[in-house]
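Each position in the sequence shown, counted from 1, maps to that position plus 20 in this note's numbering. Here the structure comes first, spelled out in structure tokens, and everything after it is commentary.
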Amino acid sequence: MAGETRMDFRRSALMLMAALALGACSSLSDISPFESGGVNYAGGSPAGDRLNGGDRDALAAAFTRAMETGSAQSWRGDRAVGEVTPQGYAIANLKPDPRARIAAARGDFDLAHVMETELGLYVLTRNSNIRTGPGTDNKAVEVLPSGTGVDVVGRVRDRNWMLVAVDGAVRGYVFGDLLIEAPGAELELAGGPMRRPLLCRNFTQRVNVYSERYEWEGAACNDGTGWRLAQDPPPPENAPEELIEF
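In structure tokens, the structure reads:
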């Protein structure tokens with residue numbers, strides 16, 4: 021009887037662990053800003069299905085170098101050639117739709133922190149150093165003058181440091197004591213879910229497959245395991261429809 025009880029307990033524990041694992045996978049996939057499937061850096065473009073394995077491998081190496089170095093990279097595969105040109109930086113996973121990206125002024129921010137999101141509008145109370153990370157040991161990259169309005173896109177968990185954006189672009193971290201809520205903003209509901217931001221980078225690509233030429237734009241994000249193509253959020257419901265000309 022005792023043996024049967026132990027077996028039932030072990031079976032119940034295993035079932036609980038499996039359910040928790042499935043739930044975690046489901047929640048992660050629900051908030052993923054990445055394209056699904058394997059890494060094909062031409063995925064989602066008309067050229068994506070035209071590349072064979074050798075082409076995709078050559079593109080992947082050039083794509084990673086372009087994202088990391090900031091320099092355009094040419095590549096040649098079995099039957100295709102192309103070029104990847106990196107563009108500006110952005111940050112994902114800080115908006116209600118995690119696929120939405122906020123432009124970023126630079127790409128060397130310390131983003132290895134969980135943050136409370138969507139804090140709203142604040143004002144600097146004095147001239148303030150803007151830093152690449154949440155601490156005075158991080159590099160100060162600019163000084164914003166007293167009275168500057170900022171959008172606090174993230175507050176580091178358990179630390180009084182804010183990640184701020186100005187004019188729609190993330191500029192860096194500010195110590196929380198240097199900020200007050202903007203007049204009127206204190207009446208608004210603020211504060212979103214806890215998220216870990218992801219560094220993203222925009223790019224343009226050109227691919228030639230035999231005599232066919234393809235060009236397109238996109239973005240990729242890096243979650244610490246490598247660059248992966250980013251999804252775009254759907255257009256807002258009230259976005260104007262494109263008119264068809266006859």
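A virtual CB, placed ideally from N, CA and C, is assigned to each residue, including glycine. Please read all numbers here as calculations on a predicted model, not as lab measurements.
{"Query": "Along the beta strand (DSSP E) that carries Ala189, what are the first and last residues, could you check?", "Result": "189-195"}
{"Query": "Contact defined as beta carbons within less than 8 angstroms: I believe Gly228 pairs with Val101. What is the distance between those atoms, to the nearest angstrom?", "Result": "In the sequence as presented, Gly is not what sits at residue 228; that position holds Asn. That belief holds up - the Cβ atoms of Asn228 and Val101 are roughly 5 angstroms apart, short of 8 angstroms."}
{"Query": "Spatial neighbours of Tyr109 within its chain, please: CB distance less than 6 angstroms, with the 5 preceding and 5 following residues excluded, ordered by chain position.", "Result": "Ala124, Gly127, Arg221"}
{"Query": "Any idea if Glu257 is buried or exposed, counting beta-carbon neighbours within 10 angstroms, 16 or more meaning buried?", "Result": "exposed"}
{"Query": "Tell me which residues share the same chain as Ser46 and place their Cβ nearer than 7 angstroms to its Cβ, disregarding the 5 neighbours each side in the sequence.", "Result": "Confidence is the limiting factor: at Ser46 the pLDDT is only 32, short of 50, which leaves the residue's position unreliable and the question unanswerable from this model."}
{"Query": "Secondary structure at Glu103, three-state DSSP: helix, strand or coil?", "Result": "strand"}
{"Query": "For Tyr230, count the other beta carbons within 10 Å of its own beta carbon; 16 or more makes it buried, fewer makes it exposed. Which is it?", "Result": "exposed"}
{"Query": "Please name the residue, chosen from Gly97, Arg226, Asp243, Ser166, that lies closest to Pro106 on a Cα-to-Cα basis.", "Result": "Arg226"}
{"Query": "Do you know how far the Cα of Pro118 is from the Cα of Gly43?", "Result": "Low confidence applies to Gly43: its pLDDT is 36, below 50, so where it sits in the model is not reliable enough to give any reading."}
{"Query": "For Leu131, collect the residues of the same chain with a Cβ closer than 8 angstroms to its Cβ; drop the 5 residues on either side in sequence, then sort them by chain order.", "Result": "Ile111, Arg216, Pro217, Leu218, Leu219"}
{"Query": "Considering only the beta carbon of each residue, do Tyr193 and Arg248 sit closer than 8 angstroms?", "Result": "no"}
{"Query": "Rounded to whole angstroms, what is the Cα-Cα separation between Lys159 and Met182?", "Result": "15 angstroms"}
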